[in-house]
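Numbering (UniProt numbering), first residue to last: 1 to 163.
Cβ coordinates follow ideal geometry from the N, Cα and C atoms, glycine included.
Report on one structure; see the data block that follows.
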Amino acid sequence: MVGLAQTLVSQAQNTPRDFLQLHNAARREVGVGPLKWDRTLEAYAKDYAKQRSGECELVHSGGPYGENIHWGYGGGYTDVKAAMKFWLDEKQSYDYDSNCCMFRKECLHYTQIVWRNSKRLGCASAACPDEREFFTCNYDPPGNFHGECTSGFGFSYKVHRNK
Numbered sequence: 001m002v003g004l005a006q007t008l009v010s011q012a013q014n015t016p017r018d019f020l021q022l023h024n025a026a027r028r029e030v031g032v033g034p035l036k037w038d039r040t041l042e043a044y045a046k047d048y049a050k051q052r053s054g055e056c057e058l059v060h061s062g063g064p065y066g067e068n069i070h071w072g073y074g075g076g077y078t079d080v081k082a083a084m085k086f087w088l089d090e091k092q093s094y095d096y097d098s099n100c101c102m103f104r105k106e107c108l109h110y111t112q113i114v115w116r117n118s119k120r121l122g123c124a125s126a127a128c129p130d131e132r133e134f135f136t137c138n139y140d141p142p143g144n145f146h147g148e149c150t151s152g153f154g155f156s157y158k159v160h161r162n163k
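Okay, structure coming up:
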């Protein structure tokens, strides 16, 4: 399961290194091993970002990978950082007791980023005609399976914290 997101961003460079460093920093915080950049996933993400760039709608690819998508518009923000911040801010909606998103809260972007079993990452962005930027990150193996919110998360030191 994946989610949709929107926020303000600027038109800055989006490099594989930017995406990978921010993902792996979030994973380190919860004791999960790093993702590795995957050129197949990057090509998939580039293809899909290019397809979406015409109208920039937040529609998932329906492909075989885990996926976070996002669009941003406007000034003042570094685009990769703003997209990642939006996804990572969902951490506050994660319930450590149940290993699930809090009731009526969105946290699936965040959980996909830190999903323990995901090992490979590929991301891309594409400019849209109306000055928006479309972002997509793909994860393999995918995470966030329906009905499995207790498996795969990497919060062992927090999930099993002393009460």
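The alpha helix (DSSP H) spanning D79 covers which residue range?
Taking the sequence shown and counting its residues from 1, the one referred to as residue 79 is at position 79. Per DSSP, D79 belongs to the alpha helix (DSSP H) from 79-88.
Let me make sure I understand the geometry here. Which of C56, L20, Y65, R28 has the alpha-carbon closest to that of L41?
Here residue 41 corresponds to residue number 41 of the sequence shown, with the count starting at 1. The shortest Cα separation from L41 among C56, L20, Y65, R28 belongs to Y65.
From what residue to what residue does the alpha helix (DSSP H) around D47 run?
Within the sequence shown, numbered from 1, the residue matching residue 47 stands at position 47. Note, D47: alpha helix (DSSP H), 39-52.
Ends of the alpha helix (DSSP H) at L58?
As a working mapping, residue 58 is identified with position 58 in the sequence shown. Element bounds for L58: n/a, residue is neither H nor E.
6 Å Cβ shell around V130 - same chain, five flanking residues per side excluded
Counted from its first residue, the sequence shown places residue 130 at position 130. For the sequence presented, residue 130 should be read as Asp rather than Val. Closer than 6 Å at Cβ, skipping near neighbours: no residue.
Can we count G31 as close to the ligand SAH, meaning its CB is less than 6 Å from some heavy atom?
Summarising the ligand content, the structure contains no ligands, and the ligand SAH is consequently not present.
Using 8 Å as the cut-off, can you tell me whether the region 28-46 makes contact with the region 119-135, which would need three or more C-beta pairs spanning the two stretches below that distance?
yes
Taking D140 as part of the beta strand (DSSP E), name the residues at either end of that continuous run.
Looking up residue 140 in the sequence shown gives position 140. 132-140 is the extent of the beta strand (DSSP E) around D140.
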